[in-house]
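Each residue of the sequence shown is one higher than the last, beginning at 2 in this note's numbering. Reviewing the structure listed below.
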Amino acid sequence: MKSRVFPCAVLLVLTVSARAELKLPAIIGDEMVLQQQQADPVWGWDTPGTKVTVEFAGQTKSAEAGADGRWTVKLDPMPANANPQAMTIKGSTSRMLQNVLIGEVWMCSGQSNMQFALGGDWNGDLEALGANLPGLRLVSVPQVGTQEPQNDFKGQWRACTPDNCRGFTAAGFFFGRHLHQVLGVPVGLINNAWGGSAAEAWVKRSSLEQDPRFKALMDRTVGQENALTSPEAKAKHEAAISKWKEACEKAKAEGKPQPKAPGSPGGWLNGNARPGNIFNGVLNPTLGYGIKGVIWYQGESNAGRAWEYRALFPFMIQQWRAEWKQGDFPFYWVQLADYMAEKPEPGDSAWAELREAQTLTLSLPKTGQAVIIDIGEGKDIHPRNKRDVGARLARLALAKDYGIALPHLSPVCKNVRFEGNKALVTLDMYGSELRPFDVQDAVGFAVCGADKVWRNAKGRITGKDSIEVTCDQVPNPVAVRYAWADNPVCNLFNKDGLPVTPFRSDDFDMVTKPK
Numbered sequence: 002m003k004s005r006v007f008p009c010a011v012l013l014v015l016t017v018s019a020r021a022e023l024k025l026p027a028i029i030g031d032e033m034v035l036q037q038q039q040a041d042p043v044w045g046w047d048t049p050g051t052k053v054t055v056e057f058a059g060q061t062k063s064a065e066a067g068a069d070g071r072w073t074v075k076l077d078p079m080p081a082n083a084n085p086q087a088m089t090i091k092g093s094t095s096r097m098l099q100n101v102l103i104g105e106v107w108m109c110s111g112q113s114n115m116q117f118a119l120g121g122d123w124n125g126d127l128e129a130l131g132a133n134l135p136g137l138r139l140v141s142v143p144q145v146g147t148q149e150p151q152n153d154f155k156g157q158w159r160a161c162t163p164d165n166c167r168g169f170t171a172a173g174f175f176f177g178r179h180l181h182q183v184l185g186v187p188v189g190l191i192n193n194a195w196g197g198s199a200a201e202a203w204v205k206r207s208s209l210e211q212d213p214r215f216k217a218l219m220d221r222t223v224g225q226e227n228a229l230t231s232p233e234a235k236a237k238h239e240a241a242i243s244k245w246k247e248a249c250e251k252a253k254a255e256g257k258p259q260p261k262a263p264g265s266p267g268g269w270l271n272g273n274a275r276p277g278n279i280f281n282g283v284l285n286p287t288l289g290y291g292i293k294g295v296i297w298y299q300g301e302s303n304a305g306r307a308w309e310y311r312a313l314f315p316f317m318i319q320q321w322r323a324e325w326k327q328g329d330f331p332f333y334w335v336q337l338a339d340y341m342a343e344k345p346e347p348g349d350s351a352w353a354e355l356r357e358a359q360t361l362t363l364s365l366p367k368t369g370q371a372v373i374i375d376i377g378e379g380k381d382i383h384p385r386n387k388r389d390v391g392a393r394l395a396r397l398a399l400a401k402d403y404g405i406a407l408p409h410l411s412p413v414c415k416n417v418r419f420e421g422n423k424a425l426v427t428l429d430m431y432g433s434e435l436r437p438f439d440v441q442d443a444v445g446f447a448v449c450g451a452d453k454v455w456r457n458a459k460g461r462i463t464g465k466d467s468i469e470v471t472c473d474q475v476p477n478p479v480a481v482r483y484a485w486a487d488n489p490v491c492n493l494f495n496k497d498g499l500p501v502t503p504f505r506s507d508d509f510d511m512v513t514k515p516k
């Protein structure tokens, strides 16, 4: 009996010892950048009750792994440091992280126009050739859609090279490179963009469920979930698969291309539009990592629900800030570019309403908007000029967060007065002045009378910040709009090259407002 018990006891001890291991999330690793001048969390997992000690830059911090195995320490704020340093973490086992820098960390989020890779930019090949930048660090988070919060992801920090930057977000790369070169400090970029994603997928589901403003959104969600998980949906999918297989056999016999397989009901359930999916699968694994702020390019997928976006977008920002527990960190976004066919006659536009929803979100503190109504492509939802996108975002950060005197704000409508047949528009130029592009007249205006029928109007610049708008067909205008279309023809900039923000003076019902 004793001879049998002893080997079993040894085996048990060896098994427990093998399981006792210090583990770190992917966001905490070699070549990472820590955010300067703030208390940065460092965390991981170990056997419950294990004391874990982190040594870095002359600091020693300790914590005990909780019942779930997680431990967290917070480093004291440190100045930027471009000299690679090692971080030692000791628990049940030890890890030494190499080549750690201290500088500025920004998250690059949104949908496909943020995901759009540097290699696709007009000059992406040329830009990549000069991107041997050891002080610029990149990490990408894979696209995982789930209702279950994830603690980690597969990925790792890497110093920027001509090879690995080509697949990285172009807008994020240009933004980060500007900061790195202007500030002279290391910059870390976290890319978690997901093409086609809806804003509600980026928000914790329970937060949406608790807010009555989003009841209709969540009712639609539950209805969709029930429809996709019902026995009827399963049977319908199985029948479609059977029919598809028959079509494949027929196509093979006839030497024709194989037909496309039917989509799975799980596609939406695990995709980028279901509320909470991206928050759980993409954002949560990095939640709490020390960052300076976020740059965001998204809205195309929500354009048909722009009225809802007026509440949803600022709510998302507020929720991220609350979850991060780092205060009101800077949050800068790209307003939707011009897209789709140019229409000769003015009218309503869902994309214009989405842009307005984005502009209204500037009411939140520490926010900013990069207007790009001038660099879109009517035939392509993914304009290839991402260099200007990154530059305009960088202007916002450099001016608002780093105290560098740079023009960074697009002009906005300050007020509108109506005198007889004229609409007199005054813009807030933020110290700059108007500069029309290509022609001297102000192009892009429309007015309407009490009948609410919109007509193209002529604009005449009457001062550094003022325009007189008239239309022979509207003798008594009551409202004026500028660049109010999916793809407006407009030409107003400030003298520093920043386009005037699209606007309207009316408060007519939105076409995207639910009936």
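In this text, a Cβ means the ideal position worked out from N, Cα and C, and glycines have one as well.
List the DSSP bridge partners of glutamine 60. Beta-bridge pairing links glutamine 60 to Phe57.
Kindly indicate which three-state DSSP category aspartate 497 falls into: helix, strand or coil? For aspartate 497, the three-state secondary structure derived from DSSP is coil.
Using C-beta distances below 8 angstroms, list every residue in its chain close to proline 85, excluding the 5 sequence neighbours before and after it, in chain order. Gln99, Asn100, Val101, Leu102, listed in sequence order.
Just checking my contact of leucine 288 with tryptophan 325 at CB under 8 angstroms: how many whole Å lie between their CB atoms? That pair is a contact at about 7 angstroms.
Measuring only the C-alpha atoms, how far is aspartate 439 from glycine 120? Taking the Cα positions, aspartate 439 is about 30 angstroms away from glycine 120.
Alpha-carbon to alpha-carbon, alanine 202 and threonine 147: The straight-line gap from Cα to Cα measures roughly 10 angstroms.
Using a 10 Å radius around the Cβ and a threshold of 16 neighbouring Cβ atoms, would you call proline 500 buried or exposed? Buried: at least 16 other Cβ atoms inside 10 Å.
Anyone know if the C-beta pair for phenylalanine 387 and phenylalanine 117 falls short of 8 angstroms? For the sequence presented, residue 387 should be read as lysine rather than phenylalanine. In this structure, lysine 387 sits near phenylalanine 117, with a CB-CB distance shorter than 8 angstroms.
Burial state of methionine 97 (16 or more Cβ within 10 Å): Classification for methionine 97: exposed.
Can you give me the start and stop residues for the beta strand (DSSP E) that leucine 397 sits inside? Note, leucine 397: premise wrong, no beta strand (DSSP E); alpha helix (DSSP H) at 388-401.
C-alpha distance - proline 1 paired with tryptophan 455, whole-angstrom precision: Past the boundaries of the shown model lies residue 1; the chain is included only from 2 to 516, so the question cannot be answered.
So, with DSSP's three-state summary, where would you put tryptophan 107? The DSSP-derived three-state label of tryptophan 107 is strand.
What three-state label does DSSP hand leucine 337 in the structure shown? DSSP places leucine 337 in the coil class of the three-state scheme, outside both helix and strand.
Straight-line Cα distance separating proline 213 from glutamate 65: Near 40 angstroms, if we compare the C-alpha coordinates of proline 213 and glutamate 65.
Report the three-state DSSP secondary structure of asparagine 210 (helix, strand or coil). Residue identity differs from the one stated: residue 210 is glutamate in this sequence, not asparagine. In this structure, glutamate 210 counts as helix in the three-state DSSP scheme.
Just the Cα atoms here: how many angstroms apart are glutamine 211 and lysine 205? Near 10 angstroms, if we compare the C-alpha coordinates of lysine 205 and glutamine 211.
Using the rule of at least 16 other Cβ atoms within 10 Å of the residue's Cβ for burial, across every protein chain shown, is aspartate 508 buried or exposed? Result: exposed.
May I have the straight-line CA-CA distance separating alanine 274 from valine 140, to the nearest angstrom? One Cα belongs to alanine 274, the other to valine 140, and the distance between them is close to 23 angstroms.
Extent of the continuous beta strand (DSSP E) run through methionine 88: Here the beta strand (DSSP E) through methionine 88 covers 82-91.
CA-to-CA distance, glycine 264 to alanine 234, given in whole angstroms: Using only the alpha carbons, I get a separation of about 12 angstroms.
Contacting residues, own chain, Cβ-Cβ under 8 angstroms from alanine 451 (five flanking each side not counted): Asn477, Val479, listed in sequence order.
Of the listed residues Asn82, Met88, Cys166, Ala83, nearest to valine 74 (C-alpha basis): Checking every option, the nearest Cα to that of valine 74 belongs to Met88.
Looking at C-alpha atoms only, which residue of Glu226, Leu25, Gly305, Gly268 is the closest neighbour of glycine 70? Here the closest residue by C-alpha is Leu25.
Proximal residues to glycine 168 (C-beta, below 6 angstroms), its chain only, five neighbours per side dropped: In chain order, Ala118 place their CB closer than 6 angstroms to the CB of glycine 168, counting only its own chain and leaving out the 5 sequence neighbours on each side.
Does the contact criterion of 3 or more C-beta pairs under 8 angstroms hold for the segment 423-440 versus the segment 397-407? By the Cβ test, the segment 423-440 is not in contact with the segment 397-407, since fewer than three Cβ pairs between them sit closer than 8 angstroms.
Which of the three DSSP states, helix, strand or coil, is assigned to methionine 97? In the displayed model, methionine 97 falls within a strand according to three-state DSSP.
First and last residue of the beta strand (DSSP E) that includes threonine 147? No beta strand (DSSP E) holds threonine 147; DSSP gives it neither H nor E.
Comparing C-alpha positions only, which one of Asp487, Ser506, Gly305 sits nearest to proline 347? Comparing Cα-Cα distances from proline 347 to each of Asp487, Ser506, Gly305, the minimum goes to Asp487.
Taking the beta carbon of aspartate 164 as the centre, do at least 16 other beta carbons fall within 10 Å, making it buried, or is it exposed? Exposed is the call here.
Cα-Cα separation, aspartate 389 to valine 448: The alpha-carbon of aspartate 389 is positioned some 31 angstroms away from that of valine 448.
Can you give the Cα-Cα distance for isoleucine 318 and glycine 92, rounded to whole angstroms? When rounded, the distance between both Cα atoms is 36 angstroms.
Is valine 490 near glycine 421, with beta carbons less than 8 angstroms apart? Not closer than 8 angstroms, so no.
If you check the beta carbons only, do alanine 160 and arginine 138 fall under 8 angstroms apart? Yes, the Cβ-Cβ distance between alanine 160 and arginine 138 is below 8 angstroms.
Hey, tyrosine 298 and glycine 136: beta-carbon distance below 8 angstroms or not? In this structure, glycine 136 does not lie closer than 8 angstroms to tyrosine 298 by Cβ.
Would threonine 222 be called buried (16 or more neighbouring beta carbons within 10 Å of its own) or exposed? With 16 or more other Cβ atoms within 10 Å, it is buried.
Quick check: what's the CA-CA separation for isoleucine 374 versus aspartate 339? Distance from the CA atom of isoleucine 374 to the CA atom of aspartate 339, rounded to whole angstroms, is 5 angstroms.
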